[in-house]
Amino acid sequence: MSPRELLAGGRRPVTRLYPLTVFFAADGVLFASWIVRIPEIKNQVGASATALGLALLCMTVSSAASMYFAGGLCERLGTRTVLVASFPLVCAGLVTPALASSVVALGAILFGFGAIYGVLLVALNSAAVEIESTSGRAIMSPMHGLWSVGGLVGAVIGGLLAAHLTSVEHFAAVAVAGVVVAVCFARPMLLTGTDRAVRPDGAASTATSATTAEKEGTQGQVARTPISLAVVLLGVVALCTAYGEGAIGDWTALHLRENLGAAAGVAAYGFGVYSVAIAAGRLTGGRLIERLGETQVLSGGAVLAAAGVLTTAWAGSLAVAFAGLLAVGLGLANMFPVAMARAGAIGGPRGVGLASTIGNTGMLAGPPLIGFLADQVGLQTALSTVAVTALVAAAIGLVQRSRRGRAEAAAGSPAKAVAAEPAHRR
Numbered sequence: 001m002s003p004r005e006l007l008a009g010g011r012r013p014v015t016r017l018y019p020l021t022v023f024f025a026a027d028g029v030l031f032a033s034w035i036v037r038i039p040e041i042k043n044q045v046g047a048s049a050t051a052l053g054l055a056l057l058c059m060t061v062s063s064a065a066s067m068y069f070a071g072g073l074c075e076r077l078g079t080r081t082v083l084v085a086s087f088p089l090v091c092a093g094l095v096t097p098a099l100a101s102s103v104v105a106l107g108a109i110l111f112g113f114g115a116i117y118g119v120l121l122v123a124l125n126s127a128a129v130e131i132e133s134t135s136g137r138a139i140m141s142p143m144h145g146l147w148s149v150g151g152l153v154g155a156v157i158g159g160l161l162a163a164h165l166t167s168v169e170h171f172a173a174v175a176v177a178g179v180v181v182a183v184c185f186a187r188p189m190l191l192t193g194t195d196r197a198v199r200p201d202g203a204a205s206t207a208t209s210a211t212t213a214e215k216e217g218t219q220g221q222v223a224r225t226p227i228s229l230a231v232v233l234l235g236v237v238a239l240c241t242a243y244g245e246g247a248i249g250d251w252t253a254l255h256l257r258e259n260l261g262a263a264a265g266v267a268a269y270g271f272g273v274y275s276v277a278i279a280a281g282r283l284t285g286g287r288l289i290e291r292l293g294e295t296q297v298l299s300g301g302a303v304l305a306a307a308g309v310l311t312t313a314w315a316g317s318l319a320v321a322f323a324g325l326l327a328v329g330l331g332l333a334n335m336f337p338v339a340m341a342r343a344g345a346i347g348g349p350r351g352v353g354l355a356s357t358i359g360n361t362g363m364l365a366g367p368p369l370i371g372f373l374a375d376q377v378g379l380q381t382a383l384s385t386v387a388v389t390a391l392v393a394a395a396i397g398l399v400q401r402s403r404r405g406r407a408e409a410a411a412g413s414p415a416k417a418v419a420a421e422p423a424h425r426r
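Taken in order, the sequence shown gives residues 1 to 426; the numbers are from full-length UniProt numbering.
Here it is as structure tokens:
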């Protein structure tokens, strides 16, 4: 794609891309800062492993619930307004877990923090969808890749500060830096162009087009059922992806140690290989999607992830297992971003919110389900279920493409419909 074609969507969408990259990376730093301090918070409140798990569950549940409603909030107030408003709140909320004095207090604090964080995640993804819609550029995967890079930076900073600052001091320093970022980049986000939401039929419309919305109200109501089904299916893709990411993140090291006899440090390197692969896959995912299309990247990545999981689970050596983890990371890398981008293109911010809510249940249910299955049938078989969910996601991707083809044919002008759709959507 030539530079002229990349800029064909207009100067405003491209300009808005730069502040959004900063917000994605900064959010990765914030989240990683919280993650690296969890052991210290656990000791601070005197929590058992079970109690800590329940407290963390409060954050997961509240974030999933808020994601469902955040889409409507973005449609009413404007995606970028919600993004700029929620980011400083998340920064302030980061400090609060370090103030907890009991497990109950920690659970209550994380419940509130998770609710705000869920709104921010939907706003971030919806903003990326809007830029994709107006510019024709596949940016969702690179944005998630920058989030991963931010997470790596946050983890390194957290490790360096752990011996010198308390959790309160660490969180406060990161929160202040985050607020500074929000202040510096809020103006570019808010003032570059008119808010554009993606209508349920996938076309872009300005938030102020009340007359158009009124005229098309009946049509939107008629199309609501198939649109909702499409978004739900994309939410299932996100669920399958999150299930795999949670399973690999929580259980890979144990598998490498118990089944392949790896030392603790070597087992940690296995997760490192996976993490680098998923970050690299997302950073390069935009060009891959523009060249091959979303369906090929989603379904092909799912098949690659399935093969990688089976290789890792049943490998006879560490080298083969590491190769499998590399394949898993590259395969899973773009599945969640593609699902979010497509859900947003179909249903706007509400589509992103619904798909995120469904997807979040995969991250919620995955690790404990793997643990239960490991006790019943062994860890290798339990990990193999990730391959099953990945293949389900691959099948959904192909079904979605087939549905779009039939819809274009039913419209009576499939050539025009395909031509109007960005190349990376095909």
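A virtual CB, placed ideally from N, CA and C, is assigned to each residue, including glycine. None of these values were measured; they are calculated from a predicted model.
Cβ neighbour criterion (16 or more within 10 Å) applied to residue i
i, result
"Gln376", "exposed"
"Asn360", "buried"
"Cys58", "buried"
"Ser101", "exposed"
"Ala242", "buried"
"Arg291", "exposed"
"Arg76", "exposed"
"Gly53", "exposed"
"Val222", "Any reading at Val222 needs caution, since the residue's pLDDT is 36, under 50, leaving its predicted position unreliable; the model's value is listed next. Exposed, because fewer than 16 other Cβ atoms sit within 10 Å of the Cβ of Val222."
"His164", "exposed"
"Ala98", "buried"
"Gly353", "buried"
"Gly378", "exposed"
"Glu40", "exposed"
"Ser48", "exposed"
"Ala264", "exposed"
"Thr50", "exposed"
"Leu160", "exposed"
From the options, residue whose alpha carbon lies closest to that of residue i
i, options, result
"Pro142", "Val153, Asn125, Val156, Ala155", "Asn125"
"Ile346", "Ala242, Ala305, Ser384, Arg401", "Arg401"
"residue 489", "Ala115, Ser299, Ala313", "Not covered by the structure: residue 489. The range shown for the chain is 1 to 426."
"Gly28", "Ala108, Gly72, Leu120", "Leu120"
"Val399", "Thr357, Gly324, Gln296", "Gln296"
"Val181", "Ala374, Val386, Glu294, Val22", "Val22"
"Gly397", "Ala230, Gly265, Phe171, Val266", "Ala230"
"Gly351", "Asn43, Leu283, Gly71", "Gly71"
"Arg403", "Ala55, Gly265, Val183, Leu233", "Leu233"
"Met140", "Leu304, Gly285, Gly308", "Gly285"
"Leu298", "Trp251, Asp250, Ala395, Ala55", "Ala395"
"Ala387", "Leu304, Ala64, Val276, Thr50", "Leu304"
"Gly316", "Leu369, Gln380, Leu152", "Gln380"
"Val276", "Gly151, Thr385, Gly244", "Gly151"
"Val45", "Ser86, Thr96, Phe69, Arg80", "Thr96"
"Gly107", "Gly293, Lys42, Trp251, Ala264", "Lys42"
"Gly244", "Pro368, Ala51, Arg80", "Pro368"
"Gly308", "Ala374, Leu373, Thr385", "Thr385"
"Phe336", "His144, Tyr68, Val103", "His144"
Close-in-space but distant-in-sequence residues of the same chain around residue i (CB under 6 Å, 5 per side omitted)
i, result
"Thr60", "Leu364"
"Arg37", "Ser167"
"Leu33", "Per the sequence shown, residue 33 should be read as Ser rather than Leu. Same-chain partners within the cutoff: Gly154, Gly158, Val174."
"Val179", "Pro88, Cys91"
"Glu169", "none"
"Arg257", "Ala267"
"Gly114", "Met59, Ser62, Ser63"
Beta carbon of residue i nearer than 8 Å to that of residue j
i, j, result
"Leu146", "Phe31", "no"
"Val149", "Ala279", "yes"
"Leu318", "Ala262", "yes"
"Gly281", "Asn334", "yes"
"Gly272", "Ala355", "no"
"Val90", "Ile116", "yes"
"Val129", "Ala341", "yes"
"Ala112", "Ser66", "The sequence given here places Gly at residue 112; Ala does not occur at that position. Contact: no."
"Ile248", "Val328", "yes"
"Ile358", "Ala238", "yes"
"Gly366", "Gly246", "yes"
"Gly344", "Ala302", "no"
"Leu94", "Leu56", "no"
7 Å Cβ shell around residue i - same chain, five flanking residues per side excluded
i, result
"Cys74", "Val82, Val122, Ala123, Ser126, Pro349"
"Cys240", "Gly362, Thr389, Ala390, Val392, Ala393"
"Ala323", "Thr311"
"Ala268", "Ala253"
"Met1", "With a pLDDT of 38 at Met1, under the threshold of 50, the modelled position of this residue cannot be trusted; read the value that follows with caution. Result list for Met1: Glu290, in chain order."
"Tyr68", "Gly353, Leu354, Thr357"
"residue 434", "As displayed, the chain neither begins before 1 nor continues past 426, which places residue 434 out of reach and without an answer."
"Ala26", "Gly150, Gly178, Val181"
Residue-level contact to chain B via CB, residue i, 8 Å cutoff
i, result
"Phe87", "Among the chains of the structure shown, chain B does not appear; only one protein chain is present."
Residues near residue i by beta carbon distance below 8 Å, same chain, minus five either side
i, result
"Ser209", "Bear in mind that a pLDDT of 37 at Ser209, under 50, signals an unreliable position, so the number given afterwards is only what the model happens to contain. Within the same chain, Ser209 has no close Cβ partners at all."
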